[in-house]
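Comments concern the structure below.
In the working numbering, the protein residues as written are 755 to 1003.
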């Protein structure tokens, strides 16, 4: 038998030395050599990853092993600090990481997923690119060519079983939210959700941009929502847990 701490470390190691919390739950709890002895094992895992020497926080909800820190850094995966928060390396990894989470959540919810072709070779974590995570090689020709071309620049799209867009997501880490709202204006006639995904501190900026006259129709019809990085991480964790259940009310 092994300890709970050892099961968590083994799970992160098996996942490439870095993993979102939801995937750590999934793998650690399946370890046949570990007994959890609690009705809330996820809470025990959260305590372990947050307070164990040898595990560090890369982003909220994303944990890595100290033994892999140098290797991760060589792949552009670094812990955000006050000193490097504005660096190109951190900004790019953050953007691609949350694109990847959106692709994973979409697949868990049984949608087909797409990212722009220019992003397909961008790395999500250690061993996966965004192109490997998306389920559609090409964007479905769901409308007029100029609208399909416009939508093909959206960061992540979920498509339903009829190959119509269900949700458009734009990840805004450091770029201008207005540019994404302009895209949404062009696509507003589709019956699809439109979501800005960003750090919580940008929510007020989002509201101010949406209040501009050019976006009156988006605002009047409540077409665009804001989703924080933290909430996206939590929803990914929940989607993994739900996928393990045999029946959901």
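Each residue gets a CB set at the ideal place from its N, CA and C atoms; glycine is no exception. The structure displayed is predicted, hence computed values, not measured ones.
When the Cα atoms are used, what is the spatial distance from residue i to residue j?
i	j	result
residue 947	residue 891	22 Å
residue 876	residue 856	14 Å
residue 775	residue 814	9 Å
residue 936	residue 790	50 Å
residue 995	residue 900	39 Å
residue 862	residue 949	18 Å
residue 882	residue 940	32 Å
residue 805	residue 903	47 Å
residue 998	residue 807	30 Å
residue 925	residue 961	16 Å
residue 772	residue 793	26 Å
residue 959	residue 934	13 Å
residue 980	residue 923	10 Å
residue 880	residue 967	43 Å
residue 952	residue 929	10 Å
residue 1020	residue 986	An answer regarding residue 1020 cannot be provided, because it is not within the stretch 755 to 1003 covered by the chain.
residue 914	residue 828	37 Å
residue 945	residue 825	44 Å
residue 840	residue 846	10 Å
residue 921	residue 992	19 Å
Using the beta-carbon count (16 or more within 10 Å), is residue i buried or exposed?
i	result
residue 895	exposed
residue 905	buried
residue 853	buried
residue 909	buried
residue 837	exposed
residue 859	buried
residue 842	exposed
residue 864	exposed
residue 848	buried
residue 956	buried
residue 811	exposed
residue 886	exposed
Identify every residue that forms a DSSP beta bridge with residue i.
i	result
residue 879	None, per the DSSP bridge assignment.
residue 918	The partner list for residue 918 (beta bridge, DSSP) is empty, contrary to what the question assumes.
residue 867	912
residue 821	According to DSSP, which records beta bridges pairwise, residue 821 is partnered with nothing at all.
residue 925	951
residue 813	816
residue 978	948
Spatial neighbours of residue i within its chain, please: CB distance less than 6 Å, with the 5 preceding and 5 following residues excluded, ordered by chain position.
i	result
residue 918	896
residue 803	809, 817
residue 834	844
residue 787	755, 756
Excluding the 5 residues preceding and the 5 following residue i in the sequence, name in chain order all residues of the same chain whose CB lies nearer than 8 Å to its CB.
i	result
residue 984	814, 815, 954
residue 965	973
residue 785	756, 761, 764, 765
residue 870	906, 907, 908, 909
residue 888	857, 867, 868, 869, 874
residue 768	781
Note down, in chain order, each residue of its chain lying with its Cβ closer than 7 Å to the Cβ of residue i, except the 5 sequence neighbours on either side.
i	result
residue 942	971, 972, 977
residue 758	788, 790, 798, 802
*At 4 residues or longer, and completely inside the stretch 767–796: list those alpha helix (DSSP H) runs for me, N to C.*
775–782
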